[in-house]
Every structure is written in C-alpha cells, then in structure tokens.
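To convert, count from 1 in the sequence shown and add 26; that's this note's numbering.
Cβ coordinates follow ideal geometry from the N, Cα and C atoms, glycine included.
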Amino acid sequence: MPDTFKPGPDAVEIVEREACFRGFYSLDRLHLRHRQFSGEMGPVLNREVFLRHDAVCVLPYDPQRDRVVLIEQFRVGAMHKSDNPWLLELVAGLIDKDEEPEAVAHREAMEEAGLKLGALWPITQYYPSPGGSNERVHLFVGRCDSEGVGGVFGLAEEGEDIQVHVWPFEDALDAVKDGRIDNAASIIALQWLALNRAEVRGLWQ
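Given below as structure tokens:
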C-alpha cells in the first residue's frame, strides 16, 4: 500500500445522504467520495446502504454429548433461489434494544429453542455483506445440555414458526460439506468449532 494512503477522519466525504425508506429496516442512498490508494480523493459515487440492527448468532453446543442444536425456519430471501427455503440455522436475534450481545444470545435461545444456555464462547464479529449493508454479526458458541431438547418454538406475535433439531456434531459438519447448511453464520460457527472442539470440550466438560 502506498505511504500516501492514510485512512482517517478525512478519508470519506459524504456529499449528500437521502432517506429512501424507513420501516423495520431502512435504506439510505449516499453520494460520497473516498480517498484512493494514490492519496487523491476519488470521484463521487452513488451507493445504497441497507441499514440493519446488529445481530447475534449463537451455536448451542453440548460438550458432554458432542451435539449441536440447530433451528429450522422459513426464510423469504431463499424462496426463489433454493428448492427448500426452510433453512437450518443458528439461534439468532437482533440487538434492537439497549442490550449487550450476550444478553441477546441467552434471550433468543430461550425464545427460539426453549434452551437455557450456560457459558458463551465468543467466536468473532463480522460484516456479512459490507458492500451494501451496515449490519455487524456477533457470533458465539453457547454451552448447553441438549438432553430432551426439541419441538416447535418462536414468538407467535412475530409470526415465528421454528423447529428445533439436535444433531451430532459430525452430522452437522457433514451438512456444511454437502450444502444442506448454506448460511454464513452457521458455516462459520461449525467450522470454527471443528477447529477448536478439543479445547472447548476440555474446558467445558
């Protein structure tokens, strides 16, 4: 990278910001320019940005039985791109109140899976689609007891209809390999656990 490029407060200039839509989510159109690697300011660009609350995703893991808890629900975004728009996912929710990510993980585990989590192991934070959205995901593994877990959960007032599954860890990893699990948070969490399972089990058993 050239020495002339110095990201800082003056690296991006917002010329104009338009509110295109306001609802549960929001959409803004930005007219901006940013400093280029040459050190010069680039031309004005027009970019739409999808504004979302940050999200929390947690993979409930039973270290005693080496099992994970996954949820299955309908996802409108997959409706015309997948033969089956009911996706296998992690427990997840939005930080739409004055809550810490850890509190959201515990709350959503109970709402979506009837599951009481123990310790949380932070995996990472990441932007799932930074080219067009400002959402940032907080990703965890959560310790749980999977014995007797299952059923259908979710908040009726939010139209949630969530089936809970308990899988041996290796079966879940195989579902990543063959494409049955095809959403980013689940893939990242399961692959992370594959790399760190011995350490997690050693500390949590």
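- request: Rounded to whole angstroms, what's the CA-CA distance from residue 82 to residue 158? Just pull it up for me.
  value: For the purposes of this step, residue 82 is taken as the residue at position 56 of the sequence shown. For the purposes of this step, residue 158 is taken as the residue at position 132 of the sequence shown. Going by the C-alpha atoms only, they are around 19 Å apart.
- request: Inspect the CB distances between the segment 63–71 and the segment 145–157 and report whether three or more fall short of 8 Å.
  value: no
query: Who are residue 128's beta bridge partners in DSSP?
result: Counted from its first residue, the sequence shown places residue 128 at position 102. None, per the DSSP bridge assignment.
- request: Return the CA-CA distance between residue 227 and residue 128, expressed in angstroms with no decimal places.
  value: Reading the sequence shown from its first residue, position 201 is the one you call residue 227. Reading the sequence shown from its first residue, position 102 is the one you call residue 128. Roughly 20 Å between the two C-alpha positions.
task: Report the three-state DSSP secondary structure of residue 54 (helix, strand or coil).
output: By 1-based counting over the sequence shown, the position of residue 54 is 28. Reduced to three states, the DSSP call for residue 54 is strand.
task: Kindly indicate which three-state DSSP category residue 181 falls into: helix, strand or coil?
output: Residue mapping note: residue 181 aligns to position 155 of the sequence shown, counting from 1. Three-state DSSP puts residue 181 in coil, outside helix and strand.
query: From residue 68 to residue 230, what distance separates their C-alpha atoms?
result: Numbered from its first residue, the sequence shown carries residue 68 at position 42. Numbered from its first residue, the sequence shown carries residue 230 at position 204. Looking at the two C-alpha atoms, the distance is approximately 51 Å.
query: Taking the alpha-carbon positions, what's the residue 202 to residue 36 distance?
result: Position 176 of the sequence shown, counting from 1, holds the residue named residue 202. Position 10 of the sequence shown, counting from 1, holds the residue named residue 36. Cα to Cα, residue 202 sits roughly 42 Å from residue 36.
field: Within 9 Å, strictly: CB atoms of residue 99 and residue 188
entry: The sequence position of residue 99 within the sequence shown is 73, counting from 1. The sequence position of residue 188 within the sequence shown is 162, counting from 1. Taking 9 Å as the Cβ cut-off, residue 99 and residue 188 qualify as a contacting pair.
- prompt: Nearest to residue 215 by CA position, among 95, 76 and 111, is which residue?
  reply: Against the sequence shown, residue 215 aligns to sequence position 189. For residue 215, the nearest C-alpha among the options comes from 95.
task: State the DSSP-derived secondary structure class of residue 110, mapped to helix, strand or coil.
output: Translated into positions along the sequence shown, residue 110 becomes position 84. In this structure, residue 110 counts as coil in the three-state DSSP scheme.
task: Let me know the secondary structure DSSP gives residue 27 once reduced to three states.
output: Here residue 27 is taken as the residue at index 1 of the sequence shown, counted from 1. The predicted position of residue 27 is uncertain, since its pLDDT is 48 and thus under 50; no value can be drawn from it.
query: Among 209, 121, 175 and 165, which has the Cα closest to the Cα of residue 78?
result: Position 52 of the sequence shown holds residue 78. The option with the nearest alpha carbon to residue 78 is 121.
Residue 163 versus residue 52 - alpha carbon distance: Locating residue 163 in the sequence shown gives position 137, where the first residue counts as 1. Locating residue 52 in the sequence shown gives position 26, where the first residue counts as 1. If you take the alpha carbons of residue 163 and residue 52, they lie about 17 Å apart.
- request: Rank 89, 105, 70 and 181 by C-alpha distance to the C-alpha of residue 139 and give the top, closest one.
  value: Sequence index remark: in the sequence shown, residue 139 carries index 113 (1-based). Answer by Cα proximity: 181.
message: Assuming contact is defined by CB atoms lying nearer than 9 Å, are residue 175 and residue 199 in contact in what I supplied?
response: As a first step, residue 175 must be located in the sequence shown, where it is residue number 149. As a first step, residue 199 must be located in the sequence shown, where it is residue number 173. Not in contact: residue 175 and residue 199 (Cβ atoms no closer than 9 Å).
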